[in-house]
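So the sequence shown is numbered by the working numbering: it starts at 8 and just counts up by one.
Positions of the beta carbon are idealized from the N, C-alpha and C atoms, including for glycine.
Treat the numbers as computed from the prediction; the structure is a model and nothing was measured.
Worksheet: one structure, shown below.
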Amino acid sequence: MLVEWTPDEPVQVTAGPCRTTPLYLATDGTALHGSWEMGDLSSFAGGLNAREVTRLLLYRPRYSTNTVFTGIHRLSERATAHFGGALFPRYPEPALHSGPRDLADDADVLGAFVQALDDAWDTRPLETVTTAAYLTGGFDSGVLATRPAAPRLHPRQRRVSPYDEPLYRPFQRLTEGLAAFGVRAVVTGRAPTR
């Protein structure tokens with residue numbers, strides 16, 4: 008993220024070129040407020056944005072600056088926001104995507120993937136008796152299974168962004184049930200959105 012300021016010009020906030028956690032922005036008309044956690048800006052939420060709520064419930068989120076709350080905007084990959092008393096978020100022109108690279112004849116893709124999984128698990132050995140893997144069957148489950156050392160779920164009573172996990176409550180209940188059986192770590196993925 009880059010914040011640029013020049014006297015007598017609007018402040019410009021630019022998100023990075025790589026996929027990172029979105030930055031959420033809000034304004035009270037005199038100051039620009041930002042946070043990586045949407046819940047931190049809850050005092051700026053003016054109400055629900057019906058169109059975005061519908062998209063979220065249908066699992067069809069759009070790449071935009073809108074969030075489910077009016078008054079809170081999302082700034083993600085390659086986006087820019089200008090603020091000089093009012094907030095003007097803007098997305099760039101669509102990125103050009105290259106095609107897949109040619110694969111060497113002797114490439115062992117599966118072997119490399121298995122080695123990457125093994126390396127990831129070896130960095131933090133987990134006890135098999137107290138570890139469960141909750142794999143939804145999606146590609147992301149396998150990828151995220153390489154990250155069992157990821158931060159724990161938010162403690163109770165912490166605001167959770169609706170974009171972080173639409174199934175937060177059911178997953179929380181599942182993990183509580185697993186904990187009751189002595190499971191201390193759960194490796195899972197999140198179903199891809201289309």
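Other residues of its chain near residue i: CB distance less than 8 Å, five sequence neighbours each side excluded
i    : result
E16  : G91
L110 : V116
Buried versus exposed call for residue i [16 or more other C-beta atoms within 10 Å across all chains shown]
i    : result
E11  : exposed
Y66  : exposed
H80  : buried
L103 : exposed
M8   : exposed
Span of the alpha helix (DSSP H) around residue i
i   : result
T34 : Counting along the chain, T34 falls outside any alpha helix (DSSP H), though it belongs to the beta strand (DSSP E) covering L30 to T34.
T61 : A57 to L64
Residue i: CB within 6 Å of a non-hydrogen atom of the ligand HEM
i    : result
G118 : With respect to the ligand HEM, the structure shown offers nothing to examine, as it has no ligands at all.
Closest by C-alpha distance to residue i, when choosing among the options
i   : options                : result
T37 : G46, D47, V18 and W43  : V18
N56 : A22, T74, F178 and V20 : T74
S7  : T182, F120 and L32     : No answer is possible for residue 7: the residues shown for the chain start at 8 and end at 201.
L39 : A88, F178 and G46      : A88
Nonlocal neighbours in the same chain, by C-beta distance under 7 Å from residue i, ignoring five residues either side
i    : result
G184 : none
R62  : P68 and R69
Endpoints, the beta strand (DSSP E) within which residue i is located
i   : result
E11 : L9 to E11
A88 : T87 to F90
H40 : L39 to S42
Chain-order list of residues whose beta-carbon lies under 6 Å from that of residue i (same chain, five-residue window excluded)
i   : result
Y98 : A86
G54 : T77
T72 : H80, R81 and P96
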